[in-house]
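Residue numbers (UniProt numbering): 1 to 743.
Every residue, glycine too, gets a C-beta built ideally from N, C-alpha and C.
Please read all numbers here as calculations on a predicted model, not as lab measurements.
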């Protein structure tokens with residue numbers, strides 16, 4: 001078949017050269033009389049990249065990089081993944097009618113591929129690796145450092161994957177590094193930023209878009225291209241087969257074999273390439289190659305090597321085929337798809353979500369359970385299944401016993417073989433059972449199951465359960481009430497101390513709590529164990545309360561009683577009795593009895609351990625006792641202690657030396673109570689403090705009073721005369737209007 005009639009005098013070929021590390025894939029012209037030896041691989045001039053930049057010819061794309069710059073974006077075989085890919089060229093045969101590709105004659109002047117309106121324009125680009133579910137974004141320098149969302153949409157399905165992260169810095173983008181990558185080491189996981197928690201299985205036709213602030217900046221369509229197999233047909237000939245979808249321009253094509261071991265062969269580089277056209281020698285020698293495209297879209301890439309050793313090494317390499325949606329006037333290729341034969345999809349690094357095919361069905365939501373006569377109605381909302389996952393085939397509805405018997409829980413249930421079903425009727429009552437609804441498909445059942453009132457995420461907070469009154473000693477029949485803090489909870493209990501979660505076959509089964517129950521004193525002591533289940537099926541911790549019935553008993557005597565007297569009062573301290581009696585201590589009575597006259601009595605709360613007892617007479621001896629009180633009555637009295645309240649002695653102060661001169665203050669005196677602390681103020685009792693914590697020292701041998709002294713010098717205290725000085729003692733003594741003569 002012939003497409004177009006205009007002859008070609010030139011064939012567009014790829015220029016992979018650039019200056020200063022900025023990608024530029026231009027158009028060079030190869031005329032019939034051009035000497036191929038003047039060109040490098042793919043039509044690059046042999047002088048290479050401008051400005052000292054080095055030509056990257058590794059991986060499935062091409063770009064120049066600054067001198068000494070590291071290679072970036074390594075794939076699974078060590079290839080350099082480049083997003084600014086451009087079509088290969090320089091080895092096609094020009095004919096009078098155009099370029100011959102296996103029976104087709106294509107005129108580049110009349111059969112251009114129409115660019116998609118949203119395909120990014122150079123230097124921005126989107127490169128899609130569908131076999132690895134990997135996307136690389138280049139350029140978009142005006143959005144450096146911004147938040148970006150990468151989405152994968154499938155026509156007639158909708159969103160199947162997304163990731164949100166932050167673009168690289170402007171410097172990194174200018175250096176030729178990817179702006180952001182998804183599902184590739186160093187990049188984002190699919191689902192990052194709160195998107196669908198699934199690694200999408202990217203296929204032909206899926207659209208990858210780049211969004212900033214919710215607005216699509218550009219997108220690219222995954223093209224239908226791939227390698228189907230390859231083999232050595234002779235010791236030196238390697239033939240690779242592949243396919244092109246009908247939307248792929250057969251001139252927008254390059255096949256490549258990546259194998260680092262080729263560096264040690266006569267190829268002397270890590271990859272070999274083939275572009276549409278008959279066999280042609282590689283510009284740098286070492287092999288010849290060409291690609292023939294058939295009318296049905298299949299293609300054959302043929303490589304002829306100089307030795308069988310080189311051919312065998314190449315046969316072990318990674319087979320890739322690259323195509324693109326658009327190519328601008330400078331030869332920049334945009335919207336690139338790179339298929340890698342034998343690569344496996346799914347999460348590209350640890351911690352990324354599984355692919356849809358590895359994920360089971362999603363549980364339904366909005367489960368509601370209603371009693372309808374002798375039956376039970378269960379309804380639910382069908383889930384939105386993960387895009388790309390196996391379809392939901394139906395639902396299972398189970399009523400599971402909340403309690404187990406010897407580790408076994410009974411259940412009844414039904415299977416609904418209708419993915420659109422929203423309700424089912426269970427026969428009989430489901431009292432004492434938990435309703436669980438799951439969706440099922442070829443991959444199994446969903447987990448966790450949906451529960452009444454739950455969303456898929458579920459309620460995992462256990463309830464709290466309490467008993468009133470608490471366990472203790474009782475003399476009469478006692479009514480016990482069990483309460484859970486979550487409405488709708490069910491409580492189960494036993495009265496023999498057995499575990500309500502695992503009642504033994506020889507003991508009584510746990511009882512569903514329906515209201516307060518009575519413990520009979522005649523039945524003797526009881527150990528009540530109980531547990532609550534909230535509507536989501538979460539179990540509380542099993543609680544235990546012991547109830548004893550017998551003779552009532554008042555508390556024992558409080559311990560370690562002390563009393564310290566002060567002015568018309570005494571501070572009393574104690575510890576709780578060792579024996580609280582048959583019920584908890586509810587308080588204390590403290591009594592101070594004088595040798596003559598009426599006793600003074602006061603009370604304290606159950607948690608008290610000290611009390612200031614007031615209303616006492618000074619200089620009178622009191623005997624202090626304490627009794628503890630509970631519901632039965634007053635307990636035994638504590639051992640008595642004695643105390644004599646008194647007015648505290650007042651310190652008597654005197655001055656023996658007082659003088660001041662510029663920069664030197666001296667005060668000395670006596671005090672009747674050693675250890676007293678003196679405070680000195682300027683002017684009077686409300687004046688500013690200029691010295692404190694001056695301690696009265698013990699009296700010397702033969703002396704009646706202790707002594708104290710204060711000396712302040714320049715830099716250590718006041719430098720002005722503080723007269724008059726007011727001196728007060730912590731023991732009550734006062735000296736007022738002390739003057740400091742100059743001297």
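Exclusion of the five residues before and after residue 420 leaves 382 as the residues of its chain whose Cβ lies within less than 8 Å of its Cβ. Non-local beta-carbon contacts of residue 596 in its own chain, meaning distances under 6 Å to residues more than five positions away in sequence, are absent. Around residue 469, the same chain offers 478, 480 as residues with beta carbons nearer than 8 Å, after the five sequence neighbours per side are excluded. Judged by beta-carbon spacing, residue 694 lies within the 9 Å limit of residue 708, meaning their Cβ atoms are closer than that value. Our two residues, residue 392 and residue 205, have alpha carbons roughly 24 Å apart in a direct line. Residue environment for residue 171: exposed (fewer than 16 other C-beta atoms within 10 angstroms of its C-beta).
Runs of alpha helix (DSSP H) with 4 or more residues, each lying fully within the segment 139 to 222, are found at 170 to 174, listed in chain order. For residue 327, the secondary structure class from DSSP, reduced to helix, strand or coil, is strand.
For residue 336, the uninterrupted beta strand (DSSP E) segment begins and ends at 333 to 340. Look at residue 736 here: in three-state DSSP terms it is strand.
Secondary structure at residue 264: helix, using DSSP grouped into helix, strand and coil.
Taking 8 Å as the upper bound for CB-CB distance, residue 581 and residue 553 are in contact here, some 4 Å apart. In terms of Cα proximity to residue 338, the closest of 665, 253, 705 is 253. For residue 193 and residue 365, the gap between their C-alpha atoms comes out near 24 Å. Spatial neighbours of residue 396 in its own chain (CB-CB distance under 7 Å, excluding positions within 5 residues in sequence) are listed in chain order as 413, 415, 438, 440, 445. Residue 297 is positioned such that its CB atom lies no closer than 9 Å to that of residue 223.
Here residue 547 is bridged, per DSSP, to 472, 526.
Its chain contains 669, 670 as the residues whose beta carbon lies nearer than 6 Å to that of residue 654, once the 5 sequence neighbours on both sides are disregarded; these appear in chain order. Under the three-state reduction of DSSP output, residue 308 falls in the helix class. Sequence-distant partners of residue 201 (beyond 5 residues in either direction) whose C-beta falls short of 7 Å from its own C-beta, in its chain, are 133, 345, 355, 356, 357, 388.
Counting only residues of its own chain and dropping the five nearest sequence neighbours on each side, residue 143 has a CB closer than 6 Å to the CB of 167, 212.
Straight across, the Cα-Cα distance linking residue 560 with residue 628 is about 13 Å. Distance check between residue 401 and each of 386, 436, 158 places 436 closest, using alpha-carbon atoms only. When the Cα atoms are used, residue 351 and residue 370 turn out to be separated by approximately 41 Å.
In the DSSP assignment, residue 494 forms a beta bridge with 529. In this structure, 399 is the residue among 449, 434, 399 with its C-alpha nearest to the C-alpha of residue 426. Annotation for residue 661: the continuous beta strand (DSSP E) segment containing it runs 653 to 661. With the rule of 3 Cβ pairs closer than 8 Å, the segment 233 to 252 counts as touching the segment 303 to 317. Bounds of the beta strand (DSSP E) holding residue 380 are 375 to 381. The DSSP-derived three-state label of residue 130 is helix. About 16 Å separates the Cβ atoms of residue 631 and residue 603, ruling out a contact at the 8 Å cut-off. Residue 591 and residue 625 have their C-alpha atoms some 5 Å from each other. Beyond the five residues adjoining it in sequence on each side, residue 615 comes within less than 8 Å, by CB distance, of 568, 569, 600 in the same chain, given in chain order. Counting only residues of its own chain and dropping the five nearest sequence neighbours on each side, residue 739 has a CB closer than 6 Å to the CB of 723, 724.
One Cα belongs to residue 231, the other to residue 239, and the distance between them is close to 6 Å. For residue 440, the uninterrupted beta strand (DSSP E) segment begins and ends at 433 to 441.
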